[in-house]
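S.K.: The following block contains the structure, expressed as structure tokens.
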Amino acid sequence: MVTEQQSELSEAQIAVHWREEEYDFPPAGFVAQANAADPEIRTRFAEERFPECFTEYADLLSWDARWQTTLDTSNPPFWKWFVGGRLNASYNCVDRHLATDRNKAALVWVPEPEADGTVAVTYQELYRRVNEFAALLRDFGRLRAGDRVTFHLPMVPDLPVSMLACARLGVIHSQVFGGFSGGACGERIADSGSRVLVTMDGYYRNGELVDHKVKADEAVARAAELGQPVDTVLVWRRHRGQYASRAPMVTGRDVFVDEVLRDYRDAVVEPVSMPAEAPLFLMYTSGTTAQPKGCQHSTGGYLAYVTGTSKYYQDIHPNDTYWCMADIGWITGHSYIVYGPLSLGTTSVLYEGVPTYPDPGRPWRIAERLGVTIFHTAPTAIRMLRKLGPDEPRQHDHHFKHMTTVGEPIEPEVWRWYRDVVGKGEAVVVDTWWQTENGGFLGATLPALEPMKPGSCGPGVLGVYPVIYDEHGDVVPAGSGKAGNICIRNPWPGIFETIWGQPERFVQIYYEKYCRNPDSTDWRDWPYFAGDGAVQAADGYFRILGRVDDVINVAGHRLGTKELESASLTVEEVAEAAAVPVIDEVRGRAVEMYVSLKPGVTASEGIERKVAQAIDTHIGKIARPMHVWIVPDMPKTRSGKIMRRVIAAISNFGDVGDTTTLSNPEIVDSIRHHVQAEKLARGQTPRQLTPQEADEIRKFGNAE
Ligand code: WTA
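The sequence shown: position 109 = 671 (the working numbering), numbered continuously.
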């Protein structure tokens, strides 16, 4: 519902000015072979054909029982897709390819140490490994359909094997990004109610064998504190038979997977036929509160959606070599490294390490050596590779037909480098906008049919109808030059089913704002609120401006300000904490923390370090702030709320705006002097903010 209070914010609707970029057209060679080359496809997915149009995606799968109802809207907004249908995701990603492609590589794994060479896992081998591990999970792990199991795994083939083994049993997997701390993993274990944790002893990152098993002990301890006991920790070994961690194995709880697997050699597990709406996995993401949200994805709708979009938008053919350089610990990896590509029976490349190790030529060497045809990455990686090795791609004989970007807005100059230098002008570039909650793409161009426009994700994808609303719920028309909240007018099969254990929050966060009638079972009354600001050009293309809630997108990773703040507040000396975004040339945004101390405590570097350390411990190193600023007091409104936009402006050398409504306006100058003088002393000279950036900073913290 649009409330009075929200409508006061309507002045937040802004005019956005930038130069419209020119269209760019796909190379003829790409168009000639594209999966979606017939313009009729748009008619097939026209709004009048909704929801039946999505049968085309579901028909790409093998079903044990066909569905009776394509979309059930009887309990809004808990949409159910393909109701009555039954299928198994592991069967679809593995077994069904055996008849024709048994000896084709399903996965090609590239270890970070270059001397180690690559490892190909054929569909036959994947079938064996998935079956054996499924037998272990069922008989040794005592897991059944509907149980949850948490993974804290790095980028190794054991991760997709573990996912597919769960899917075979109908067990719900919840993979936590390997870079997250043990504490963060423990919180997700507790929230999902997992009694089994699957982890690994170590993995390579930036040339080092990282000790990962230590985090399992922290995770189990944290989960126990929160009331969730873990009785079994399954430890894969990076080098079979050798243990790479200093953390002792706990008797009766921890086992080496390679040892236990000996008992399950050649075991075959019948895929469990699951209802389409049975949960396939949980994926945690950040939002406005400190507690991460477990996005629950379905089996039938999700798999149909990622398969369909992989076919038409990623243009995956069975004979492609497809490389998505994301981590499977994020939604991109689930949908577009594992489920989508394997469902289509292609070869999916997995890279263990960081893109710039040992040098920024590494991705192009991998692409050349493996003959990668489709490449998929995030703007933050493109910016880093461009900064460190602007000419490197020219040194390599790789040839992409298709390149994707995902996760953040991409600057037009960076986009052009990607097309011209990485893609050598031979590849089509597809900018894909979507979110953890969505399962698959929401905004992108159909690569052979719709021209590209740098910096813009394009129109809504097939069968998805976005709209921009202002704070009153009125449509902001295309071409008006005004920004607003991007929403999706209709459900689609990849949409998550709920927030695990918190159905009220699911309704409140994503649907309440623009719901027209809470009693209606017509999907038209329930637009999905994405939490992103956007503008729509006259041609219908969307340009995504970034989050409108308190989420900071650091290198494509969503960090909730509340999570950062509650981690900082675990430091004894800290009284108040506020996280703000700073514009960062490579990572898009970085985080700065402001903290004030309890009475009588003196500021010190030691406290700054403790705050940074607390964030490492509670979230992980990816969240580490650029600076921790200790301030005498926070700028506050008369009702005592921290004005985050004021400190965000200071950190970005922007305009602090009107401070007359503060209860302590005098504090602003003292904070500014302290922070900006120190930044200048460290050579962190500011650059002028673009109008969009200035606007983002001006609105930061509004979500409260
Ligand atoms: C942002 C990642 C601009 C957006 C798949 C969204 C983008 C958040 C794009 C979701 C894009 C994602 N252009 N911004 N192409 N793709 N975003 O959940 O703010 O990790 O809400 O999902 O990233 O991040 P998440």
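From the three backbone atoms N, C-alpha and C, an ideal C-beta is built for every residue, glycine too.
Jot down the residue ranges of each uninterrupted alpha helix (DSSP H) in the stretch 654-689, minimum 4 residues, whole runs only, in chain order.
M.R.: Counting only runs of 4 or more, we get 660-663.
S.K.: Sort PHE1058, THR1221, LYS1198 and LYS963 by Cα distance to GLU988 and report the nearest one.
M.R.: Of the candidates PHE1058, THR1221, LYS1198 and LYS963, the one whose C-alpha sits nearest the C-alpha of GLU988 is LYS963.
S.K.: Rounded to a whole number of angstroms, what is the C-alpha to C-alpha distance between VAL1157 and ASP1195?
M.R.: Computed Cα separation, rounded: 8 Å.
S.K.: Can you check DSSP and say which residues form a bridge with HIS1119?
M.R.: HIS1119 is bridged to VAL1116.
S.K.: Within 10 angstroms of its Cβ, does SER569 collect 16 or more other Cβ (buried), or is it exposed?
M.R.: Caution is warranted here: a pLDDT of 32 is assigned to SER569, below 50, making its placement in the model unreliable, and the coordinate value is therefore given only provisionally. So SER569 ends up on the exposed side.
S.K.: Does LEU906 have its Cβ less than 8 Å from a Cβ in chain C?
M.R.: Annotation note: the requested chain C is absent from the structure, which comprises a single protein chain.
S.K.: Distance check for GLY895 and ALA940, CA to CA, integer angstroms please.
M.R.: About 12 Å.
S.K.: Just mark SER910 as buried or exposed, buried being the case when its beta carbon has 16 or more other beta carbons within 10 Å.
M.R.: Buried is the call here.
S.K.: When the Cα of SER1130 is compared with those of HIS1189, ASP701, ILE928 and ARG710, which residue comes out closest?
M.R.: With distances taken between Cα atoms, SER1130 lies closest to HIS1189.
S.K.: Measure the Cβ-Cβ separation of TYR846 and GLU674 and say whether it is below 8 Å.
M.R.: Going by C-beta atoms, TYR846 is not nearer than 8 Å to GLU674.
S.K.: Can you give me the Cβ contacts of ASP1274 inside the same chain, cut-off strictly under 8 Å, excluding the 5 residues immediately before and after it?
M.R.: Coverage of the chain is limited to positions 563 through 1266, which leaves residue 1274 absent and any answer about it impossible.
S.K.: Indicate whether VAL758 and LEU788 have their beta-carbon atoms separated by less than 8 Å.
M.R.: No, these two residues do not count as a Cβ contact at 8 Å.
S.K.: Closest to MET965 by C-alpha separation, out of ALA1045, VAL681 and GLN876, would be which residue?
M.R.: When only C-alpha atoms are compared, the closest one is GLN876.
S.K.: Would you call the CB atoms of ARG1105 and THR942 closer than 8 Å?
M.R.: Result no, Cβ atoms of ARG1105 and THR942 do not sit closer than 8 Å.
S.K.: Is GLN853 helix, strand or coil by DSSP?
M.R.: Of the three classes helix, strand and coil, the one that applies to GLN853 here is coil, per DSSP.
S.K.: Please state whether the Cβ-Cβ distance between SER754 and LEU844 is less than 8 Å.
M.R.: Closer than 8 Å, so yes.
S.K.: Just how far apart, CA to CA, sit ALA697 and GLN630?
M.R.: Approximately 32 Å, taken between the alpha carbons.
S.K.: Within the present structure, is the beta-carbon of CYS517 separated from the nearest heavy atom of the ligand WTA by less than 7 Å?
M.R.: The first residue shown for the chain is 563 and the last is 1266, placing residue 517 beyond what the model contains.
S.K.: In whole angstroms, what separates the C-alpha of PHE702 from that of TRP641?
M.R.: Those two C-alpha atoms are separated by around 35 Å.
S.K.: Given 7 Å as the limit, tell me if PRO971 has its C-beta closer than that to any heavy atom belonging to the ligand WTA.
M.R.: Yes, the Cβ of PRO971 comes within 7 Å of a heavy atom of the ligand WTA.
S.K.: With a threshold of 7 Å, establish whether the CB of ASP993 neighbours any heavy atom of the ligand WTA.
M.R.: Result yes, Cβ under 7 Å from the ligand WTA.
S.K.: Please identify the residue among ARG1051, ALA829 and ILE1145 whose C-alpha is closest to the C-alpha of GLU687.
M.R.: The shortest C-alpha separation from GLU687 is found at ALA829.
S.K.: LEU904 lies in the alpha helix (DSSP H); which residues open and close that run?
M.R.: Start and end: 902-905.
S.K.: Beta-carbon separation of ILE1169 and GLU1135 under 8 Å?
M.R.: Yes; because the gap between Cβ atoms is below 8 Å, this pair is in contact.
S.K.: When you measure from the CB of ARG750 to every non-hydrogen atom of the ligand WTA, does any distance come out below 7 Å?
M.R.: Not under cutoff, so the answer is no.
S.K.: Apply the 10 Å Cβ neighbour rule to PHE1003 and answer buried if 16 or more other Cβ atoms are within range, or exposed otherwise.
M.R.: That one is buried.
S.K.: Suppose only complete runs of 4+ residues qualify. What are the alpha helix (DSSP H) ranges in the stretch 567-652, listed by chain order?
M.R.: For the stretch 567-652, whole alpha helix (DSSP H) runs of length 4 or above, ordered along the chain, are 590-595, 602-606 and 617-620.
S.K.: With DSSP run on the structure shown, which of helix, strand or coil describes HIS961?
M.R.: Of the three classes helix, strand and coil, the one that applies to HIS961 here is coil, per DSSP.
S.K.: With DSSP run on the structure shown, which of helix, strand or coil describes GLN804?
M.R.: GLN804 falls in the strand class under three-state DSSP.
S.K.: Taking 7 Å as the cut-off, is the beta-carbon of ARG1120 closer than that to any non-hydrogen atom of the ligand WTA?
M.R.: Result yes, Cβ under 7 Å from the ligand WTA.
S.K.: Return yes when the C-beta of THR1199 is under 7 Å from any heavy atom of the ligand WTA, and no when it is not.
M.R.: THR1199: no, Cβ never under 7 Å from the ligand WTA.
S.K.: Decide yes or no for the touch test of the stretch 1099-1119 against the stretch 829-843: beta carbon pairs closer than 8 Å, at least 3 of them.
M.R.: No, they do not touch.
S.K.: I'd like the list of long-range same chain contacts for PRO925, defined as Cβ closer than 6 Å, with 5 residues on each side in sequence excluded.
M.R.: Same-chain partners within the cutoff: PRO917.
S.K.: Cβ atoms of VAL1110 and ILE1209: under 8 Å apart, would you say?
M.R.: No, the pair does not count as a contact, with Cβ atoms beyond the cut-off.
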